[in-house]
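Chemist:
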Amino acid sequence: MNTNLSSFFIFIAVFGLLEVCHGQLRMHFYEESCPHAEEIVKEIIWNRVASNSTLPAKFLRMHFHDCFVRGCDGSVLIDSTPNNLAEKAAIPNLSLAGFDVIDEVKTKLENTCPGVVSCADIVALAARDSVSYQFQRPIWDVLTGRRDGIISRQSEALANIPTPFFNFTTLKQSFANKSLTVHDLVVLSGKDSKWGKVDIQLVLGIAISSATGYTISQEKMTKILL
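Read left to right, the sequence shown gives residues -23 to -1, 1 to 203 (mature numbering (1 follows the signal peptide of the UniProt record, and there is no 0)).
Written out as structure tokens, the structure is:
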């Protein structure tokens, strides 16, 4: 699948996530309290993506996993304590990456506007800005004004984040619980693949097999996707 089409799929994926995240948010929430907040995020993210092309997929995945548990509240960033296993400790989140860059952005923002910009907004902006780097312009709007969550539980991540072991019926219900469609399911499940090569064969294969009882070959699936 070509890079342009892959990029389009990623755009649609995040657009779908906005339905999960949407609340009392607005454009340029920090315009008065921290006027350069979004520019600071973009500058750091773009600099990091320029030297590490895997970051867009990592930030998009982080944002996806964050939103699927308690909404887009940044709870995926919280570390475990002796008394609580956080979302980070859940098996689907063990392979998440990019936390060091989020910390770098947060440190810069705290030095500029202490206690103003939420970590939840940083994750949302990082997802947008990292994907937008190849276009050298923002390719979707991010509403800001999220508040950081203070609760993060491994059990909730395990219960809410779709796994490779879900069948199509389970996946569809999981996405429906978040007001997402089957189309969103296919796109979002594809976004976890290598950046620039969105692979939706697995999800489509499960869907076709579950609906018809017919297992489609890899050769035919490839022809469908070309």
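Ideal placement from N, C-alpha and C gives every residue a C-beta, glycine not left out. Just so you know, these numbers come straight off a predicted model, no measurement behind them.
Let me know the secondary structure DSSP gives residue 60 once reduced to three states.
Modeler: Here residue 60 is taken as the residue at index 83 of the sequence shown, counted from 1. Correct three-state label for residue 60: coil.
Chemist: Spell out whether any CB of chain C is found under 9 Å from the CB atom of residue 91.
Modeler: Structure shown: chain C not included; a single protein chain is present.
Chemist: With respect to the alpha helix (DSSP H) encompassing residue 106, which residues constitute its N-terminal and C-terminal limits?
Modeler: For the purposes of this step, residue 106 is taken as the residue at position 129 of the sequence shown. Where residue 106 is concerned, the enclosing alpha helix (DSSP H) stretches over 96 to 109.
Chemist: For residue 89, name the three-state secondary structure that DSSP assigns.
Modeler: Within the sequence shown, the letter at position 112 stands for residue 89. Helix.
Chemist: Run the proximity test for residue 115: is its beta-carbon closer than 8 Å to any non-hydrogen atom belonging to the ligand FAD?
Modeler: Although the ligand FAD was asked about, the structure shown includes no ligands whatsoever.
Chemist: If you reduce the DSSP assignment to three classes, tell me which class residue 121 lands in.
Modeler: For the purposes of this step, residue 121 is taken as the residue at position 144 of the sequence shown. Here residue 121 sits in strand by DSSP.
Chemist: Looking at the unbroken alpha helix (DSSP H) that takes in residue 50, where does it start and where does it end?
Modeler: What you label residue 50 is simply residue 73 of the sequence shown in a count that begins at 1. Counting along the chain, residue 50 falls outside any alpha helix (DSSP H), and DSSP gives it neither H nor E.
Chemist: Can you tell me the Cβ-Cβ gap for residue 101 and residue 40, rounded? I've got them flagged as a contact below 8 Å.
Modeler: Numbered from 1 along the sequence shown, position 124 holds the residue referred to as residue 101. Numbered from 1 along the sequence shown, position 63 holds the residue referred to as residue 40. Correct: roughly 6 Å between the Cβ atoms.
Chemist: Only counting the same chain, and skipping five residues up and downstream in sequence, which positions put a Cβ closer than 8 Å to that of residue 84?
Modeler: In the sequence shown, counting from the first residue as 1, residue 84 sits at position 107. Cβ neighbours of residue 84 beyond the five flanking positions: none.
Chemist: According to DSSP, is residue 3 helix, strand or coil?
Modeler: For the purposes of this step, residue 3 is taken as the residue at position 26 of the sequence shown. Correct three-state label for residue 3: strand.
Chemist: Do the region 85 to 105 and the region 17 to 30 touch if we need at least three Cβ pairs shorter than 8 Å?
Modeler: The region 85 to 105 is in contact with the region 17 to 30.
Chemist: When the Cα of residue 88 is compared with those of 2, 1 and 14, which residue comes out closest?
Modeler: As a first step, residue 88 must be located in the sequence shown, where it is residue number 111. Nearest of 2, 1 and 14 to residue 88, Cα basis: 14.
Chemist: If contacts are defined as beta-carbon pairs under 8 Å, then residue 82 and residue 55 qualify, I think. What distance do you get, rounded to the angstrom?
Modeler: Reading the sequence shown from its first residue, position 105 is the one you call residue 82. Reading the sequence shown from its first residue, position 78 is the one you call residue 55. Wrong, their Cβ atoms sit about 16 Å apart, outside the cutoff.
Chemist: With 16 as the cutoff for other CB atoms within 10 Å, does residue 9 come out buried or exposed?
Modeler: As a working note, residue 9 is residue 32 in the sequence shown. Under this definition residue 9 is an exposed residue.
Chemist: Is it a yes or a no for the region 112 to 123 touching the region 25 to 35, going by three-plus beta-carbon pairs under 8 Å?
Modeler: No: the two stretches stay apart, fewer than three of their Cβ pairs being nearer than 8 Å.
Chemist: Does the pairing of the region 64 to 74 with the region 125 to 136 give three or more beta-carbon distances under 8 Å?
Modeler: As far as the Cβ criterion goes, the region 64 to 74 touches the region 125 to 136, which means the pair count is three or higher.
Chemist: Rounded to whole angstroms, what's the CA-CA distance from residue 139 to residue 121? Just pull it up for me.
Modeler: Taking the sequence shown and counting its residues from 1, the one referred to as residue 139 is at position 162. Taking the sequence shown and counting its residues from 1, the one referred to as residue 121 is at position 144. Spanning the two alpha carbons is a distance of roughly 26 Å.
Chemist: Contact check, residue 43 vs residue 57 under 8 Å by CB: the rounded distance?
Modeler: For the purposes of this step, residue 43 is identified with residue 66 of the sequence shown, where counting begins at 1. For the purposes of this step, residue 57 is identified with residue 80 of the sequence shown, where counting begins at 1. Their Cβ separation, rounded to whole angstroms, is 16 Å, which puts residue 43 and residue 57 out of contact at 8 Å.
Chemist: Distance check for residue 144 and residue 127, CA to CA, integer angstroms please.
Modeler: Stepping through the sequence shown from its first residue, residue 127 is reached at position 150. Stepping through the sequence shown from its first residue, residue 144 is reached at position 167. So the two alpha carbons sit approximately 32 Å from each other.
Chemist: Tell me the DSSP secondary structure of residue 19 in three-state form.
Modeler: Here residue 19 refers to the residue found at position 42 when the sequence shown is read from its first residue. Reduced to three states, the DSSP call for residue 19 is helix.
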